[in-house]
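Numbering (full-length UniProt numbering), first residue to last: 1 to 94.
Data block below; observations after.
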């Protein structure tokens, strides 16, 4: 995550990157197939956002085709389990 620096006026600063904007607004974005490495990073973000502030809602946006292999449902089940156990996932968009 890259935090934009604050110097001068708003016109002199570079625009924030997309990852920082999504993180700041507590949005978890899944934009690729569910493979184990992507699932681990996404679940780590869920857990960190919950640790950071357990009272604020977490939003999830899914733009994915699912898993890459037939029968590889472990990443899908892990994601569902994390969303189900996290009380603050308030909205999921597909």
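Glycine is no exception: its CB is placed at the ideal position from the N, C-alpha and C atoms.
Source: prediction; values computed, not measured.
Of the listed residues the options, nearest to residue i (C-alpha basis)
i	options	result
residue 76	20, 39 and 48	39
residue 78	19, 24 and 34	34
Test item: CB-CB of residue i and residue j under 7 Å
i	j	result
residue 27	residue 48	no
residue 30	residue 64	yes
residue 22	residue 82	no
residue 50	residue 86	yes
Own chain partners of residue i with C-beta closer than 7 Å, once the 5 adjacent residues on each side are dropped
i	result
residue 46	28, 58, 82 and 86
Cutoff 6 Å; reference residue i; Cβ partners in own chain excluding five residues on either side
i	result
residue 74	none
residue 80	none
Close beta carbons around residue i, own chain, < 8 Å, minus the five adjacent residues each side
i	result
residue 36	74 and 75
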